[in-house]
Every structure is written in C-alpha cells, then in structure tokens.
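Heads up, the thing below is written out as structure tokens.
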Amino acid sequence: QVQLVESGGGVVQAGGSLGLSCAASTASTTFFSMGWYRQAPGKQRDLVADITSAGRTMYTDSVKGRFTISRDNAKNTVFLQMNSLKSEDTAVYYCSARPTWTAGWSVWGQGTQVTVSS
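Quick note on this note's numbering: the sequence shown kicks off at 48 and runs consecutively.
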C-alpha cells in the first residue's frame with residue numbers, strides 16, 4: 048500500500064507564504080495525477096489544485112494566481128506553494144493521488160494544518 052507523507056504547513060500571517068510537500072512512499076509508481084485538497088472546520092473537503100504526470104494543472108478559482116502546484120515525477124513528490132495567503136485559506140490540507148486516469152482519488156496523506164492569522 049503506497050502512502051503519502053506531507054510536510055510543511057503551520058501558522059502564517061495574512062499575506063504571507065507557505066509551502067507544502069508530499070512524497071509517496073515509493074518512487075516505482077507514477078500516479079496519473081497528484082493534488083491537494085483542503086477541509087476547513089464544518090466544511091467539506093474540496094480539491095484545491097492538481098497536476099497530472101504530464102504537467103497539466105488545475106486550480107480552484109479561489110487560489111488562482113496565488114497558489115502554484117508542481118511535482119517531481121522521478122521522486123513521486125508534489126508541492127504546493129501558497130502565496131498571498133488569506134484567513135479563508137485556513138484548513139487542513141491533504142495530499143492525494145489518482146493512480147490512473149479512470150481511478151478516483153484513492154490515496155491520501157494524513158493532512159497538515161495551515162492556519163492564516165489576520
């Protein structure tokens with residue numbers, strides 16, 4: 048069973064920056080897509096950004112222009128650089144992966160807290 052291990056997160060002031068990293072426990076599997084979800088208290092878990100193995104990216108509207116997702120296929124690692132952070136970005140951020148194009152987001156990290164103080 049492949050595991051995803053996140054690092055980064057923490058507390059930052061509004062307008063600041065933070066970076067998240069997520070590494071798969073094995074580099075032998077290239078996921079079709081890797082991405083970041085977030086879940087704020089009392090809200091559902093939503094997809095923030097994802098990136099395919101070919102480098103195609105998608106962002107939810109609220110983070111466009113502020114967040115950048117990237118990945119290192121050789122190391123099976125995905126990154127999320129978050130700039131101009133807002134209080135509404137406060138959430139638990141989860142790394143996730145889709146093994147194939149037809150598979151769902153079936154591999155999950157444990158989550159890392161991001162808190163933006165105003």
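Glycine included, C-beta positions come from ideal geometry on N, C-alpha and C.
Note that the structure is predicted; figures quoted are calculated from it, not measured.
So, at 7 Å on beta carbons, what are the nonlocal neighbours of residue i in its own chain, with the 5 sequence-adjacent residues on each side left out?
{"i": "residue 110", "result": "95, 96"}
Could you give the DSSP three-state label for residue i: helix, strand or coil?
{"i": "residue 121", "result": "helix"}
{"i": "residue 164", "result": "strand"}
DSSP has residue i in a bridge; who is on the other side?
{"i": "residue 143", "result": "82, 155"}
{"i": "residue 53", "result": "69"}
{"i": "residue 128", "result": "66, 115"}
Does the Cβ of residue i have 16 or more other Cβ atoms within 10 Å, making it buried, or fewer, making it exposed?
{"i": "residue 71", "result": "buried"}
Which residues in the same chain have their Cβ closer than 6 Å to the Cβ of residue i, if we skip the five residues on either side of it in sequence?
{"i": "residue 105", "result": "97"}
{"i": "residue 85", "result": "95, 138, 140"}
Using only the alpha-carbon positions, how far apart do residue i and residue j sit?
{"i": "residue 165", "j": "residue 100", "result": "36 Å"}
{"i": "residue 127", "j": "residue 103", "result": "14 Å"}
{"i": "residue 133", "j": "residue 73", "result": "34 Å"}
{"i": "residue 57", "j": "residue 159", "result": "8 Å"}
{"i": "residue 63", "j": "residue 131", "result": "5 Å"}
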